[in-house]
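Using the numbering used here, the first residue of the sequence shown is number 4, and each one after it goes up by one.
Ideal Cβ placement from N, Cα and C applies to all residues, glycine included.
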Amino acid sequence: MISYYFLGQMVSVKMMICLVFLQTPATAAGKAEGLAAELPRREELVHWGGYGEEKLSTVVISGKLLCHAGAHDKLSGHPYPVSGASMAVFCGTSEKKKKSWAVGRTNNYGEFVIDLPSHLHAIPNLEKTCVVKVLHVPKSSPCGRAFTGKNKRIKLKSVGEDARIYTTHNINLIPKPSQEHKRTQESKQNIPYLSRVDGRFRHIKVSRA
């Protein structure tokens, strides 16, 4: 009787152990599935952050590049657009830290539109952080010898649904004076005129500052 009773107890214990091992993975799996259901999916994280493959916001910077041909020291009244010029947007707190940037090119009307990448959208105070720079002007343009590398600040133009538009307005370029123009200017500064000295007329050059 004792042996049968002991054997029965052993069988009961083994059955309980088997049930525990059989139920534990199922229970753990159920808990894991419940936890996974509560956690946000990757797509939701991308949606909340506004970054990743799905672009939820748009930030563009626009402007117009103009050349004042024939004006060597001031803006002319009839500038014309510069097409094919390379433009860039640099964002940073100082010259040494301007590592974030985007590029664009002017069209036939001298206009450019640069679409900022998503990782730059969250930068606070873009007006104070980002500037537009002229990288290259075609040599065929009279302003091809103009001073490039000029920075232009941006201003917020409009805000819409998931979109912000900034502008530089017009960026004006003035051609560098040629050597011939420099010589002409120098000759105009030294104008000879006749002066009567000791009863005779002599040519005297007067340098104009």
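Residues bridged to residue i by DSSP?
{"i": "residue 67", "result": "114, 173"}
{"i": "residue 148", "result": "Partner(s): none; residue 148 has no beta bridge."}
{"i": "residue 178", "result": "Residue 178 is not bridged to any residue."}
{"i": "residue 92", "result": "105, 135"}
{"i": "residue 78", "result": "Residue 78 pairs with nothing; no bridge assigned."}
Apart from the five residues just before and just after residue i, which ones in its own chain have a Cβ nearer than 8 Å to its Cβ?
{"i": "residue 130", "result": "156, 157, 158, 159, 169"}
{"i": "residue 174", "result": "66, 67, 68, 69, 135, 137, 153, 155"}
{"i": "residue 172", "result": "66, 67, 158"}
{"i": "residue 61", "result": "118, 165, 166, 167"}
What is the rounded straight-line gap between the Cα of residue i and the Cα of residue j?
{"i": "residue 165", "j": "residue 63", "result": "11 Å"}
{"i": "residue 56", "j": "residue 117", "result": "Legend: pLDDT at residue 56 = 46, less than 50; position of this residue unreliable, value from coordinates given subsequently. Between residue 56 and residue 117, the C-alpha separation is close to 19 Å."}
{"i": "residue 70", "j": "residue 92", "result": "20 Å"}
{"i": "residue 145", "j": "residue 90", "result": "18 Å"}
{"i": "residue 125", "j": "residue 163", "result": "16 Å"}
{"i": "residue 176", "j": "residue 120", "result": "28 Å"}
{"i": "residue 133", "j": "residue 78", "result": "26 Å"}
{"i": "residue 149", "j": "residue 123", "result": "30 Å"}
{"i": "residue 178", "j": "residue 143", "result": "12 Å"}
For residue i, I'd like the list of residues in its chain whose CB is within less than 7 Å of its CB, leaving aside the five on either flank, ordered along the chain.
{"i": "residue 147", "result": "140, 141"}
{"i": "residue 113", "result": "67, 68, 69, 84, 85, 86"}
Please go through the same chain and pick out, in chain order, the residues whose beta-carbon is closer than 6 Å to the beta-carbon of residue i, but skip the five residues on each side of it.
{"i": "residue 72", "result": "145"}
{"i": "residue 188", "result": "Summary for residue 188: the model assigns pLDDT 48, below 50, so the residue's position carries little reliability; its value from the coordinates is reported in the next sentence. Correct list: empty, nothing qualifies."}
{"i": "residue 88", "result": "68, 109, 140"}
{"i": "residue 127", "result": "none"}
Inset, instruction - Pair every Cβ in the stretch 154–161 with every Cβ in the stretch 101–116, then say whether three or more of these pairs are closer than 8 Å. - result: no
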